[in-house]
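Trainee: Position in the sequence shown counted from 1, then plus 173, gives you my numbering. For every residue, glycine included, the Cβ atom is placed at its ideal position computed from N, Cα and C. Structure incoming, see below.
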Amino acid sequence: MPPLKFAVLAGDYIGPEVMSAALRVLAALAQRENLVLEYTEAAVGGAAIDRHGQALPESTLQTCAAADAILFGSVGGPKWEKLPPAQQPERAALLPLRRHFTLFANLRPGLLYPELTGASPLKPERIPQGIDILCIRELTGGLYFGLPKATTTLPDGDIQAVDTMVYRKSEIERITATAITAARARKRRLCSIDKANVLETSVLWRQTVTAYVARHAPELTLSHLYVDNAAMQLVRDPNQFDVFVTENMFGDILSDEMAVICGSLGMLSSASLGTGRNSRGLPFGLYEPAGGTAPDLAGRGIANPCAQILSAALMLRYSFGLEQSAARLEAAVRRAVTGGFRTGDIAFGGAYLGTEAMADAIIAHL
Ligand code: NAD
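What follows is the structure, encoded as structure tokens:
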């Protein structure tokens, strides 16, 4: 097995803390499974602004391009908030990275272990088995990238702003293909979410998803929901979904709704997969926690490293094809957490561990 080559972009505030814990857990896993890790660390976000004057230096981009995957922490925070919007760490690092590698598919597992239902704002009786769903969000099209995008002053002195929601059939087909692969690996149920009663892009979305699934995955059970209904259904009965797929802005909103019902951001991972293939012929991807840099926790060694560790598991699965290693890592996190080893965000006021002790507990459960 050739070495696992990945770029490590830890970022800011809790980013380096949870990354260092995740790398230690990965090293322990590698030792047990005879895997060789070959990773290169590079600056990104505020840390890169401080060191190199820009959030995504060319050298960092080159490190990523030479790797088979990117393990990303999180970027941004109060230290850089006074910079002009276009230079802010998230906008100047994460969005260009997504664009550069055409990371069009964002996979976000919504996972809440039954033992942690108390961390969810939903009533426990709505989620007796916890939550286990998967959100697939289109990440490089739609309203966030469509042109024209402008604010203009009209002849009558009024001011008008325009954003453009645009999708091509080919963009919808490639995200549908990703959703099919994910649904096949789970319960073979796929829900496509749109607003086809109002939006042209959604009419094309629904037609395209329907035709593509009928042609390429007739064995799947496909359903459709309008996004407003989906937002309600997600809090009413989240487990009625298994895999859902949706366009960029709807996915942005629904995935955050999903994050809140799953308890702590400290537990939620994500994968962003691109059109490119890595040196193993597998999808090049960027793997990161769903949450941000948590400046309120930074420097205290108490952030939950699980989201970063679970993101590393997704990297093993999707960019390195190591399903068993990924599953072993996920099972270790689950056993540690359900066995009572917890950081403050999921300890419900009881005794809790710091970031490094949590990593030790996970290593012990590998
Ligand atoms: P946040 O996700 O950093 O924090 C929201 C809440 O979740 C906080 O209470 C925090 O303590 C908690 N939390 C997050 N991660 C946790 C962890 N690992 N363990 C325990 N608790 C955790 O969101 P925010 O406070 O709105 O943003 C802080 C900064 O992060 C901002 O600068 C924002 O722009 C940036 N951000 C970056 C990314 C990214 O890099 N992908 C994503 C979101 C926010």
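Given Asp533, which residues of its chain have a CB within under 7 Å of its CB, disregarding the five upstream and five downstream residues?
Mentor: By one-based count along the sequence shown, residue 533 stands at place 360. Here the set comprises nothing.
Trainee: Which partner residues does Phe179 have in the DSSP bridge list?
Mentor: By one-based count along the sequence shown, residue 179 stands at place 6. Per DSSP, Tyr212.
Trainee: Can you give me the C-alpha to C-alpha distance between Glu263 and Pro257, rounded to a whole angstrom?
Mentor: Start at 1 with the first residue of the sequence shown, and residue 263 comes out as number 90. Start at 1 with the first residue of the sequence shown, and residue 257 comes out as number 84. If you take the alpha carbons of Glu263 and Pro257, they lie about 12 Å apart.
Trainee: In the DSSP assignment, the beta strand (DSSP E) including Cys435 goes from what residue to what residue?
Mentor: Position 262 of the sequence shown, counting from 1, holds the residue named residue 435. Looking at the DSSP string, Cys435 is not in any beta strand (DSSP E), and its letter there is neither H nor E.
Trainee: Name the one or two DSSP bridge partners that Glu583 has.
Mentor: Lying before the first or after the last residue shown, residue 583 is absent from the chain, which here runs from 174 to 539.
Trainee: Would you say the beta carbon of Ala444 is closer than 7 Å to some non-hydrogen atom of the ligand NAD?
Mentor: Taking the first residue of the sequence shown as position 1, residue 444 is located at position 271. Flag unset: Cβ of Ala444 not near the ligand NAD.
Trainee: When you compare the segment 332–346 with the segment 304–315, are there three or more beta-carbon pairs, one atom per stretch, that lie closer than 8 Å?
Mentor: Yes, since at least three Cβ pairs between the segment 332–346 and the segment 304–315 fall closer than 8 Å, the two stretches touch.
Trainee: Using the C-alpha atoms, what's the distance from Ile519 back to Val535?
Mentor: Counted from its first residue, the sequence shown places residue 535 at position 362. Counted from its first residue, the sequence shown places residue 519 at position 346. The sequence shown places Ile at residue 535, rather than the Val named in the question. Going from the Cα of Ile535 to the Cα of Ile519 covers about 15 Å.
Trainee: In the DSSP assignment, the alpha helix (DSSP H) including His273 goes from what residue to what residue?
Mentor: One-based indexing of the sequence shown puts residue 273 at position 100. Residues Leu268 to His273.
Trainee: Alpha carbon to alpha carbon, how far is Ser445 from Leu276? Give it in angstroms, no decimals.
Mentor: Position 103 of the sequence shown, counting from 1, holds the residue named residue 276. Position 272 of the sequence shown, counting from 1, holds the residue named residue 445. Answer to the nearest angstrom: the Cα atoms are 6 Å apart.
Trainee: Only counting the same chain, and skipping five residues up and downstream in sequence, which positions put a Cβ closer than 6 Å to that of Asn477?
Mentor: In the sequence shown, residue 477 corresponds to position 304, counting from 1. Taken in chain order, the residues that qualify are Gly439, Thr516 and Asp518.
Trainee: Using 8 Å as the Cβ pair cut-off and three pairs as the minimum, do the segment 185–196 and the segment 488–496 touch?
Mentor: With a cut-off of 8 Å, the segment 488–496 and the segment 185–196 do not count as touching, because too few Cβ pairs lie within range.
Trainee: Taking the alpha-carbon positions, what's the Pro301 to Leu295 distance?
Mentor: Taking the sequence shown and counting its residues from 1, the one referred to as residue 301 is at position 128. Taking the sequence shown and counting its residues from 1, the one referred to as residue 295 is at position 122. When rounded, the distance between both Cα atoms is 10 Å.
Trainee: Name the DSSP beta bridge partners of Leu427, please?
Mentor: Start at 1 with the first residue of the sequence shown, and residue 427 comes out as number 254. For Leu427, which the question treats as bridged, DSSP gives no partner whatsoever.
Trainee: Could you tell me whether the segment 446–460 touches the segment 269–285, using the rule of 3 or more Cβ pairs below 8 Å?
Mentor: Enough Cβ pairs lie closer than 8 Å, so yes.
Trainee: Could you check what DSSP says for Asp401 in three-state terms: helix, strand or coil?
Mentor: Translated into positions along the sequence shown, residue 401 becomes position 228. Correct three-state label for Asp401: helix.
Trainee: Around the C-beta of Thr466, are 16 or more other C-beta atoms found within 10 angstroms, so that it is buried, or is it exposed?
Mentor: Here residue 466 is taken as the residue at index 293 of the sequence shown, counted from 1. Buried, because 16 or more other Cβ atoms sit within 10 Å of the Cβ of Thr466.
Trainee: Name the residue from Arg357, Val382 and Lys368 whose alpha carbon lies nearest to the alpha carbon of Ile348.
Mentor: Taking the first residue of the sequence shown as 1, we reach residue 348 at position 175. Out of Arg357, Val382 and Lys368, Val382 has the C-alpha closest to the C-alpha of Ile348.
Trainee: Under the rule that 16 or more other beta-carbon atoms within 10 Å means buried, what is Gly454, buried or exposed?
Mentor: Residue 454 sits at position 281 when you count from the first residue of the sequence shown. Counting Cβ neighbours within 10 Å, Gly454 comes out exposed, since fewer than 16 surround it.
Trainee: Under 8 Å by Cβ, that's how I've got Lys368 and Tyr340 pegged, so tell me the actual separation to the nearest angstrom.
Mentor: Here residue 368 corresponds to residue number 195 of the sequence shown, with the count starting at 1. Here residue 340 corresponds to residue number 167 of the sequence shown, with the count starting at 1. Actually they do not touch by this definition, with Cβ atoms about 12 Å apart.
Trainee: On the DSSP letters alone, give me the boundaries of the beta strand (DSSP E) that Leu320 sits inside.
Mentor: Position 147 of the sequence shown holds residue 320. Its beta strand (DSSP E) spans residues Gly319 to Thr326.
Trainee: Is Thr466 near the ligand NAD, going by C-beta to nearest heavy atom under 7 Å?
Mentor: Your numbering for residue 466 matches position 293 in the sequence shown. Thr466 Cβ: within cutoff of the ligand NAD.
Trainee: Could you tell me the alpha carbon to alpha carbon distance between Cys435 and Cys479, rounded to whole angstroms?
Mentor: As a first step, residue 435 is located in the sequence shown; it is residue number 262 there, counting from the start. As a first step, residue 479 is located in the sequence shown; it is residue number 306 there, counting from the start. Taking the straight line from one Cα to the other gives about 14 Å.
Trainee: For the ligand MN, any of its heavy atoms closer than 7 Å to the Cβ of Asn279?
Mentor: Absence of the ligand MN is noted for the structure shown, with the ligand NAD being the only ligands found.
Trainee: Taking just the CA atoms, how far does Leu377 sit from Arg508?
Mentor: Position 335 of the sequence shown, counting from 1, holds the residue named residue 508. Position 204 of the sequence shown, counting from 1, holds the residue named residue 377. If you take the alpha carbons of Arg508 and Leu377, they lie about 44 Å apart.
Trainee: In or out: Asn421 buried (at least 16 other Cβ within 10 Å) or exposed?
Mentor: Start at 1 with the first residue of the sequence shown, and residue 421 comes out as number 248. Classification of Asn421: buried, given that the 10 Å Cβ count is 16 or more.
Trainee: So, are the CB atoms of Phe182 and Gly283 less than 8 Å apart?
Mentor: Indexing the sequence shown from 1 puts residue 182 at position 9. Indexing the sequence shown from 1 puts residue 283 at position 110. Going by the sequence as given, residue 182 is Leu instead of Phe. No, they are not a contact pair.
Trainee: Under the three-state reduction of DSSP, which class applies to Leu459: helix, strand or coil?
Mentor: Residue 459 sits at position 286 when you count from the first residue of the sequence shown. Residue state, collapsed to three classes: strand.
Trainee: So does Pro301 have its beta carbon nearer than 7 Å to some heavy atom of the ligand NAD?
Mentor: The count along the sequence shown starts at 1 and reaches residue 301 at position 128. No - the ligand NAD has no heavy atom lying nearer than 7 Å to the Cβ of Pro301.
Trainee: If you measure from the CB of Pro462, is any heavy atom of the ligand NAD nearer than 7 Å?
Mentor: On the sequence shown, residue 462 is found 289 positions in, with the first residue counted as 1. Yes, the beta carbon of Pro462 sits closer than 7 Å to at least one heavy atom of the ligand NAD.
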